[in-house]
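Presented below is the structure to which this report refers.
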Amino acid sequence: MITNISQNIIRFFGLLLVQIFLLNNIQLNGYLNPYLYILFIIMLPFDIPAWLLLLAGFIYGLIVDMFADTMGMHASATVFLCYARIGVLGFIAPREGYDSSHQPTFTNMGFRWFLIYSGFLVFVHHLLLFFLEAFSFNNFMFTFLKVVFSSAFTLTLIFITQMLFKPADKALR
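Here's what the structure looks like:
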């Protein structure tokens with residue numbers, strides 16, 4: 001339990017620092033805006049209480065908002081991500097249920113499961129975030145393409161991160 005808490009604290013600050021100092025400065029033609037910080041929410045343990053998940057998402061989003069000067073957009077998109085996570089985990093649960101000692105990683109759950117899980121969550125987060133940013137449907141196609149390309153780029157970064165920090169004794173399923 002203590003190891004799990006310390007891993008999540010390190011992940012919290014590590015992803016936050018990477019997002020603030022590196023990824024917030026990447027914008028290619030307005031279409032690629034990677035948001036790797038959401039990996040913290042995606043990888044929280046299965047048995048985290050819903051109230052704590054929502055509180056962590058709100059605080060995490062507010063911290064990113066402070067550094068990105070986005071006035072609550074990340075906080076709202078991250079809280080929505082937390083709500084979506086609860087529903088997605090219930091929808092794609094294995095028959096035998098989740099092992100509470102595991103975290104949702106592709107090493108623990110398998111590549112296909114993690115791709116569906118993280119792909120959906122990244123997409124809904126980016127969808128809400130970029131449409132809140134645009135606050136209009138006038139440039140719907142530009143905003144939607146931004147969602148698709150940024151989601152694909154973020155998902156790629158998530159899988160690279162998962163590969164870099166996976167335990168050595170676990171094999172890719």
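Just so you know, the sequence shown maps onto residues 1 to 173 in our numbering.
Where a beta carbon is used, it is the ideal one built from N, C-alpha and C, also for glycine.
Item, Value
"In terms of residue numbering, what span does the alpha helix (DSSP H) encompassing residue 108 cover?", "106-109"
"By Cβ distance, which residues of its chain are closer than 6 angstroms to residue 124, with the 5 residues on each side in sequence left out?", "84"
"What residue from 120, 35, 26 has the CA that sits closest to residue 161's CA?", "35"
"With DSSP run on the structure shown, which of helix, strand or coil describes residue 172?", "Confidence is the limiting factor: at residue 172 the pLDDT is only 45, short of 50, which leaves the residue's position unreliable, though a coordinate-based value still follows. Three-state DSSP puts residue 172 in coil, outside helix and strand."
"Would you call residue 102 buried or exposed, if buried means 16 or more other Cβ atoms sit within 10 Å of its Cβ?", "exposed"
"Buried or exposed, going by whether 16 or more other CB atoms sit within 10 Å of the CB of residue 50?", "exposed"
"Report the residue from 40, 24, 23 whose alpha carbon sits nearest the alpha carbon of residue 9.", "40"
"Determine the burial state of residue 151: buried for a count of at least 16 other Cβ atoms within 10 Å of its Cβ, exposed for fewer.", "buried"
"What's the gap between the Cα of residue 13 and the Cα of residue 63?", "11 angstroms"
"Work out the CA separation of residue 82 and residue 53 for me, nearest whole Å.", "6 angstroms"
"Are three or more beta carbon pairs between the region 125-133 and the region 65-73 nearer than 8 angstroms?", "yes"
"The alpha helix (DSSP H) that contains residue 56, what's its start and end?", "50-68"
"Using the C-alpha atoms, what's the distance from residue 96 back to residue 157?", "30 angstroms"
"For the putative contact between residue 60 and residue 78, defined by C-beta atoms under 8 angstroms, what is the C-beta separation to the nearest angstrom?", "6 angstroms"
"Please report the residue range of the alpha helix (DSSP H) in which residue 150 lies.", "140-164"
"Could you give the first and the last residue of the continuous alpha helix (DSSP H) run that contains residue 85?", "73-91"
"Buried or exposed: residue 15, going by 16 or more other Cβ atoms within 10 Å of its Cβ?", "buried"
"Among 105, 118, 74, 107, whose alpha-carbon lies nearest the alpha-carbon of residue 87?", "118"
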